[in-house]
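Below: the structure, in structure tokens.
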Amino acid sequence: MAPGGPTVPGRAQTALLLTHTVVVQAVTFMLRPASAYRALELDVPGAWLGVLGASFAVVPLVLAVPSGHAVDRFGERRVAVAGSVLLATAGLGFVAFAGTVAGLVVASMLLGTAHLCAVVAQQALVANRTPARRYDAAFGHYTFAASLGQALGPGLIVVFGGSRPIPDTRAIFLGAAVVALPLLVVALLLRPSGHHGTAGDGPGAGGMRKLLRQPGLVRALTVSCVVLAAVDISLVYLPALGTERGIASGAIGVLLGVRAVASMASRLLLGRLVAVLGRRTVLVGSVAVSAAGLALLLPPLPFAVLVVVVTVAGFGLGAGQPLTMSFLAEVAPPGLRGRAMSLRLTGNRLGQVLIPSAAGALAAGAGAAGVLACTAAGLAGAALAATRLHRSPPQE
């Protein structure tokens with residue numbers, strides 16, 4: 173029997189983890205737009221909408237590393253349980269406090285904390301319970317489940333809030349709390365890896381220094397940051413490019429949907445690709461392909477060609493995140509993998525704040541095409557950096 177909890181077979185454990193992942197992302201991507209709708213109901217100025225969005229993101233910047241340390245010290249299940257409880261509490265917090273802007277900000281910060289705890293615990297559990305030869309397939313399936321949840325979340329807004337221009341936000345908040353409650357049972361059934369309290373028993377700063385000295389770790393963090401920022405930039409600047417070139421919004425919506433589906437497909441196929449080519453080759457190739465895909469968007473192209481180009485770019489962008497997770501899981505010693513994943517989240521959040529902000533400043537002079545060109549150049553640099561990561565041979 174697993175220490176401190178019920179015994180659940182390995183395949184069931186994987187199903188529980190992926191279920192937990194889908195629901196956490198679905199509830200989060202249900203509550204975040206709903207909070208924006210609620211702010212619009214309150215006639216909140218546009219500047220406060222930015223504050224509301226930032227209130228979710230600021231928590232991971234502050235608490236990511238401490239949450240990783242908590243996973244390494246106390247185990248993945250306890251942090252997953254805490255995240256599940258906080259997620260349901262966040263839904264109830266929106267119900268209770270969404271009558272004011274300050275209440276929305278507090279509830280959004282609670283949601284950010286819940287999402288952080290759940291995600292760090294999930295990623296550490298994948299890293300600690302998966303044999304190194306299966307990291308790529310496991311993280312591919314994990315990120316596919318996360319993408320699926322993110323796609324389902326906005327649909328739940330219609331289920332609970334109706335299809336009006338501004339939905340019934342109170343019903344959405346209550347629905348989110350109800351959907352999140354079973355997560356507590358799922359989290360309690362998760363079996364901890366048993367790696368907590370090993371390499372992380374010493375002082376937190378000492379453990380972090382040991383982690384940062386691991387070969388390739390900083391380079392993998394950088395690649396992850398650039399790839400995720402490129403995903404965010406493509407979501408914003410593909411519509412901007414369409415506006416500049418007179419492409420219909422429906423056509424841009426198709427391109428964004430194609431990009432998302434291609435990314436999910438690459439995550440499902442990741443294990444097989446790495447088994448044939450090796451992890452470093454697939455990472456370098458996928459990032460380079462995504463750079464080429466974004467660069468090919470610069471000249472005017474027929475819509476059919478745009479679909480092909482965006483498919484290629486989306487396929488490459490989808491592989492970047494799970495592959496960098498695999499590298500981090502492999503270089504981080506047992507007992508420090510929670511902190512490794514939390515460092516990745518911190519770097520990703522910083523990249524999501526700083527790189528799009530720089531892109532926005534660039535767009536004022538160079539337009540959407542200039543932003544996409546610089547993003548493609550950044551991805552090319554990330555591909556070059558990835559060539560210096562430790563080589564992972566093809567797996568048996």
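Numbering (the working numbering), first residue to last: 173 to 568. Each residue gets a CB set at the ideal place from its N, CA and C atoms; glycine is no exception. Just so you know, these numbers come straight off a predicted model, no measurement behind them.
For residue i, count the other beta carbons within 10 Å of its own beta carbon; 16 or more makes it buried, fewer makes it exposed. Which is it?
| i | result |
| --- | --- |
| P364 | buried |
| E158 | With the chain represented from 173 up to 568, any question about residue 158 goes unanswered, as that position is not in the structure. |
| L407 | exposed |
| A317 | buried |
| E416 | exposed |
| L551 | buried |
| D308 | buried |
| L393 | buried |
| S462 | buried |
| R444 | exposed |
| A236 | buried |
Taking the alpha helix (DSSP H) that residue i belongs to, which residues open and close that run?
| i | result |
| --- | --- |
| D404 | 389-417 |
| A113 | Within the shown structure, residues of the chain are numbered from 173 to 568, placing residue 113 beyond reach of any answer. |
| I338 | First-last for I338: undefined, no H or E at that position. |
| D130 | As shown, the chain starts at 173 and ends at 568. That puts residue 130 outside it, with no answer to give. |
| P217 | It is not in any alpha helix (DSSP H) - P217 carries neither H nor E in the DSSP assignment. |
| G492 | 475-503 |
| P354 | 354-361 |
| T285 | 273-301 |
| G429 | 421-449 |
Rounded to a whole number of angstroms, what is the C-alpha to C-alpha distance between residue i and residue j?
| i | j | result |
| --- | --- | --- |
| V482 | G450 | 25 angstroms |
| G177 | R245 | Because the pLDDT of G177 is 47, which lies under 50, any placement of that residue in the model is unreliable, and the question is left without a value. |
| L427 | A467 | 16 angstroms |
| R521 | V230 | 8 angstroms |
| G334 | M202 | 13 angstroms |
| A310 | A423 | 34 angstroms |
| A296 | L495 | 14 angstroms |
| Q493 | V399 | 7 angstroms |
| T261 | L282 | 8 angstroms |
| A501 | F266 | 35 angstroms |
| V456 | G263 | 40 angstroms |
| A554 | A343 | 44 angstroms |
| R305 | S239 | 27 angstroms |
| D215 | G429 | 31 angstroms |
| L382 | V448 | The sequence as given places Lys at residue 382; Leu does not occur at that position. So the alpha carbons of these two residues sit roughly 32 angstroms apart. |
| V480 | A293 | 36 angstroms |
Residue i and residue j look like a contact to me (Cβ under 8 angstroms); what is the Cβ gap, rounded to whole Å?
| i | j | result |
| --- | --- | --- |
| V403 | L478 | Between L478 and V403 the Cβ distance is about 18 angstroms, and since that is not below 8 angstroms, they are no contact. |
| V196 | L346 | Not quite, the Cβ-Cβ distance comes to about 18 angstroms (not below 8 angstroms), so this is no contact. |
| A352 | S256 | 7 angstroms |
| V298 | Y314 | 5 angstroms |
| R452 | A558 | 7 angstroms |
| H287 | T341 | With a Cβ gap of about 19 angstroms, H287 and T341 do not count as contacting. |
| R431 | G519 | Contact flag wrong, Cβ pair sits at about 23 angstroms. |
| L361 | L190 | About 13 angstroms separates the two Cβ atoms, so there is no contact after all. |
Answer yes or no: the CB of residue i versus the heavy atoms of the ligand COA, is any distance below 7 angstroms?
| i | result |
| --- | --- |
| G443 | Ligands displayed in this structure: none; no statement on the ligand COA is therefore possible. |
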